[in-house]
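So the structure is just underneath, and the comments pick up after that.
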Amino acid sequence: MNKEQISRLEMLEATSSEMEKNRTVWDFIPIVGKYKNELDGNILSIKGQAEQQQAAQVFISKSLTDQKRSIAEKMAIIDDSVEVFAEDKGDTELMVKTTNTKSDYYKLSHEEFEVKVTNVIGVVESVLPELADYGITVTEVELVKEEFNDFQEKRGKPRAYRISSRVATQQLKDLFEESAVLLGKMDKILNRFKLTNPPFYNGYVAARKVINK
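Residue 287 is where the sequence shown ends in my numbering, and the numbering goes up by one at each step.
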């Protein structure tokens, strides 16, 4: 949930709590009880959808993190071999470009990581025919590129495991809209207490305010 939704949920919970605390005041009006029960059901559903949304987003983040770590490890192995090759050739420029550890890759932001991997793979491919004696093969480089391409796709395109996050996000939106309609009806019915029970009415109105953080 975003900050606005969190604030709205807190308002819904405060309103429900205030209503429950003063149940004896409005209990003689059956429709208010119906609306409150529906509101309480929506609050539980919102919390459930928020958990699903968070779980999906955590999974996406974890999936990217694990893949980034895997690519960083493979790139570091390739770099080590290319670095030795460059040292044997006396190619200082190549050595500088390929003196990278797993940590050098992994600690970068996703954007910087993508740029660095792309650049280093380009450097490696420029001398790939000469790397066979150092254990670096076309197949090894292609496998890293394939995993890297998948990482980029996950960063920029919706995949199957993003669906649960999108569904939860839409359902949260729908639940908040339904709750707003319920409260709008409740507001009108509870207006009667503005004159007959000001303490309850004022407490209800105060609970209904969304406090933006």
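Even glycine gets a Cβ: it sits at the ideal position worked out from N, Cα and C.
Backbone CA spacing between residue i and residue j [nearest angstrom]
| i | j | result |
| --- | --- | --- |
| GLU112 | LYS190 | 53 Å |
| LYS77 | VAL284 | 11 Å |
| THR173 | GLU167 | 10 Å |
| SER253 | ARG97 | 19 Å |
| MET169 | GLU227 | 30 Å |
| GLN128 | ILE263 | 36 Å |
| THR139 | VAL212 | 26 Å |
| MET75 | ALA124 | 6 Å |
| ASP162 | SER155 | 11 Å |
| GLU216 | GLY164 | 27 Å |
| ALA150 | ALA242 | 38 Å |
| GLU199 | LYS121 | 50 Å |
| VAL106 | ASP261 | 10 Å |
| ILE210 | ILE195 | 12 Å |
| LEU269 | GLN126 | 43 Å |
DSSP-derived helix/strand/coil call for residue i
| i | result |
| --- | --- |
| ARG266 | coil |
| PHE102 | coil |
| LYS181 | coil |
| MET164 | The sequence as given places Gly at residue 164; Met does not occur at that position. If DSSP states are grouped into helix, strand and coil, GLY164 belongs with coil. |
| ILE210 | coil |
| ASN111 | helix |
| MET260 | helix |
| ASN276 | helix |
| LEU205 | coil |
| ASN223 | helix |
| ASN174 | coil |
| ASN116 | helix |
The alpha helix (DSSP H) enclosing residue i, as first and last residue numbers
| i | result |
| --- | --- |
| PHE187 | 184-200 |
| GLY283 | What sits at residue 283 in the sequence shown is Lys, not Gly. Taken as a continuous stretch (DSSP letters only), LYS283 belongs to no alpha helix (DSSP H), as it is neither H nor E. |
| GLU87 | 77-95 |
Nonlocal neighbours in the same chain, by C-beta distance under 8 Å from residue i, ignoring five residues either side
| i | result |
| --- | --- |
| LYS99 | Position check: residue 99 holds Val in this sequence, whereas Lys was assumed. Answer for VAL99: PHE267, ASN271 and PHE274, listed in chain order. |
| ASN193 | LYS171 |
| SER85 | Looking at the sequence itself, residue 85 is Met, so the reference to Ser does not match. Only ALA281, ARG282, LYS283, VAL284 and ILE285 meet the Cβ criterion. |
Beta-carbon contacts of residue i that lie in its chain and below 6 Å, excluding the five residues immediately before and after
| i | result |
| --- | --- |
| LEU257 | none |
| GLU157 | MET169, THR172 and THR173 |
Integer-rounded CB distance, given that residue j should sit under 8 Å from residue i
| i | j | result |
| --- | --- | --- |
| GLU92 | ALA281 | 4 Å |
| PHE225 | ILE145 | 6 Å |
| SER90 | ASP114 | 6 Å |
| LYS148 | VAL255 | Wrong, their Cβ atoms sit about 53 Å apart, outside the cutoff. |
| PHE159 | GLU214 | Not confirmed; about 14 Å, so no contact. |
| LYS259 | TYR109 | 6 Å |
Own chain partners of residue i with C-beta closer than 7 Å, once the 5 adjacent residues on each side are dropped
| i | result |
| --- | --- |
| GLU188 | GLN226 |
| GLU87 | ILE117 |
| TYR180 | LYS142, ARG143 and ALA146 |
Chain C contact for residue i (CB, 9 Å cutoff)
| i | result |
| --- | --- |
| SER119 | Protein chain content of the structure displayed is limited to a single chain, and chain C is not contained in it. |
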